[in-house]
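Residue numbers (this note's numbering): 5 to 69.
Heads up, the beta-carbon is just placed ideally off N, CA and C, and yes, glycines get one too.
For reference, the structure is listed below as structure tokens.
Here is the structure:
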């Protein structure tokens with residue numbers, strides 16, 4: 005009885021660990037994707053702002069320098 009109980013406990017622990025790994029890794033992967041998406045978004049926004057403002061900045065520099 006004791007061996008069967010401990011085996012059952014070990015199996016339960018292993019299942020819980022596997023579930024935790026799957027959900028943990030899944031959420032980590034989602035988090036990483038969200039962070040990468042946010043970085044890409046801000047990079048594209050910064051690039052668009054730089055592209056849009058470069059002529060203005062160049063005009064200002066040419067005007068005042």
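Alpha carbon to alpha carbon, how far is residue j from residue i? Give it in angstroms, no decimals.
i: residue 42; j: residue 5; result: 54 Å
i: residue 58; j: residue 49; result: 14 Å
i: residue 18; j: residue 11; result: 10 Å
i: residue 30; j: residue 14; result: 24 Å
i: residue 56; j: residue 67; result: 18 Å
i: residue 60; j: residue 44; result: 25 Å
i: residue 65; j: residue 52; result: 20 Å
Under a three-way DSSP split, which group does residue i fall into?
i: residue 32; result: helix
i: residue 51; result: helix
i: residue 5; result: coil
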